[in-house]
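If you want this note's numbering, it's the position in the sequence shown, counting the first as 1, plus 115. Even for Gly, the Cβ is constructed at its ideal location relative to N, Cα and C.
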Amino acid sequence: MSLHNLATVFGPTLLRPSAQGGKLRADQLAAGTVDAMAQAGILYTLLQQRHLAQQLSAHRPHAGNTPQLLD
């Protein structure tokens, strides 16, 4: 599953806003839509950063693989 799909599915669940009462139903729907998009964007960014960090660490030379300089 792609990072974007993971963020879209799990973002609103993991980053749920607090419940607010007293708003009109249309206002709640609009606010919920904006919140869900923001939550998915936040989670997508976090997943991208983690994926990039894993890629960089996989390509980093290990201590035993460093070239030795000759004098």
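Residue interval of the alpha helix (DSSP H) (run including Leu144): 140 to 174
Contact between the segment 139 to 146 and the segment 160 to 168 (3+ Cβ pairs under 8 angstroms): no
Nearest candidate by alpha-carbon position, reference Asn120, set Thr160, His174, Ala173: Thr160
Limits of the unbroken alpha helix (DSSP H) element including Leu121: 118 to 129
Within 8 angstroms, strictly: CB atoms of Leu130 and Leu162: no
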